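Colleague: Start counting at 1 in the sequence shown, then tack on 57, and there's your number in the working numbering. For each residue, glycine too, the CB sits at the ideal point set by N, CA and C. The structure displayed is predicted, hence computed values, not measured ones. Okay, handing you the structure first.
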Amino acid sequence: MPFVVVSGLSGSGKSTALRTLEDAGFFITDNLPPELWGAMHDLVHARGLTRVAISTDVRTRDFMGALEDSYVRLSRRREDLRVLFLEANDDVLLKRYNFTRREHPLGENLMFDFARERELLAPLRSIADTVIDTTALSAKDLAAQVLRVFRLEHDFHLRLMSFGFKHAPPRDADLVLDVRSLPNPYYDPELRPRTGLDPEVAAYAFQGEASEQFYADLRDFVRVAAERARTTGRHGYTVAIGCTGGQHRSVAVASRLAHDLQDLNVDIMDHRDMKEPHE
Numbered sequence: 058m059p060f061v062v063v064s065g066l067s068g069s070g071k072s073t074a075l076r077t078l079e080d081a082g083f084f085i086t087d088n089l090p091p092e093l094w095g096a097m098h099d100l101v102h103a104r105g106l107t108r109v110a111i112s113t114d115v116r117t118r119d120f121m122g123a124l125e126d127s128y129v130r131l132s133r134r135r136e137d138l139r140v141l142f143l144e145a146n147d148d149v150l151l152k153r154y155n156f157t158r159r160e161h162p163l164g165e166n167l168m169f170d171f172a173r174e175r176e177l178l179a180p181l182r183s184i185a186d187t188v189i190d191t192t193a194l195s196a197k198d199l200a201a202q203v204l205r206v207f208r209l210e211h212d213f214h215l216r217l218m219s220f221g222f223k224h225a226p227p228r229d230a231d232l233v234l235d236v237r238s239l240p241n242p243y244y245d246p247e248l249r250p251r252t253g254l255d256p257e258v259a260a261y262a263f264q265g266e267a268s269e270q271f272y273a274d275l276r277d278f279v280r281v282a283a284e285r286a287r288t289t290g291r292h293g294y295t296v297a298i299g300c301t302g303g304q305h306r307s308v309a310v311a312s313r314l315a316h317d318l319q320d321l322n323v324d325i326m327d328h329r330d331m332k333e334p335h336e
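Structure, rendered in structure tokens:
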């Protein structure tokens, strides 16, 4: 995974790019002078961090004299060093500044600031591997493009968990599903001590055409919800499946979904309220 330097004009979308990388699991450091690039590399390498992005822009203009040397030194140590530069035309930058009412880092006349900033950042732009013109891009479009540039668009995980409603639904789920309408193995004395991981328990829960149709509809809905989350730039989506106690039906459904939706990089986070048969 590359060591990424993000730069660009103020108002061109650097914050959006950094947030996108952060959501993808990158460790982010904003406003880092070039002289500290090597020290940051050593620090994160010592901590075992493989996804790192730093931002350097006109706010560090007093330290730009070290840019070329810092870049050469780091590129010798990191063959996967990548520099992303963002820009937009002056009219769009002006509209964005007027909308946000922020002050430009150079703090003079905006149109003069834009020209001066382009001049100051020209050395950074010249070493960029990728330059993105955000003039016609929304924040969503820019995020998608950043994901494509670093091949992160498929870095998505569907997280599943089971729980029991009598123990309260989880607070951190994106979607909570109720499967209490399925046949309940609790009422079979032989199945009651077991869990939804047991094939006989699962067979009981899914017995009958109505139960199978219910599961099929639920599976398709989870797929649609997860796919929509992925297309909006999300890197993870958590679905919690609940039955009464969290022992049988919810566990069986979560396990079956994990098998049927493998293409969405499924992780079963937890069978939160399930108790092992011997307990």
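Quick check on DSSP: helix, strand or coil for H292?
Modeller: Reduced to three states, the DSSP call for H292 is coil.
Colleague: For A110 versus V63, is the C-beta spacing smaller than 8 Å?
Modeller: A contact, by the Cβ cut-off of 8 Å.
Colleague: Just to confirm the assignment: which complete alpha helix (DSSP H) runs, minimum length 4, are found wholly within the segment 180 to 214?
Modeller: Qualifying alpha helix (DSSP H) stretches, in chain order: 196 to 206.
Colleague: So within the segment 87 to 120, which uninterrupted alpha helix (DSSP H) runs reach at least 4 residues, ignoring any that extend past its ends?
Modeller: Runs of the alpha helix (DSSP H) inside the segment 87 to 120: 94 to 103.
Colleague: Alpha carbons only, please: which of D186, F142, R153 is nearest the one belonging to I136?
Modeller: Residue identity differs from the one stated: residue 136 is Glu in this sequence, not Ile. Considering only alpha carbons, the answer is D186.
Colleague: According to DSSP, which residues form a beta bridge with R237?
Modeller: R237 pairs with nothing; no bridge assigned.
Colleague: Taking the DSSP output, what are the residues bridged to E144?
Modeller: Answer is D190.
Colleague: Write down the C-beta distance between T295 and D231 rounded to the nearest angstrom, noting that I regard them as a contact closer than 8 Å.
Modeller: So it is a contact: roughly 5 Å between Cβ atoms.
Colleague: Could you spell out where the alpha helix (DSSP H) holding H328 opens and where it closes?
Modeller: No alpha helix (DSSP H) contains H328, which is instead part of the beta strand (DSSP E) from 323 to 328.
Colleague: Looking at the unbroken alpha helix (DSSP H) that takes in S307, where does it start and where does it end?
Modeller: Run containing S307: 306 to 317, per the alpha helix (DSSP H) assignment.
Colleague: Which residues bound the beta strand (DSSP E) around S64?
Modeller: Where S64 is concerned, the enclosing beta strand (DSSP E) stretches over 60 to 65.
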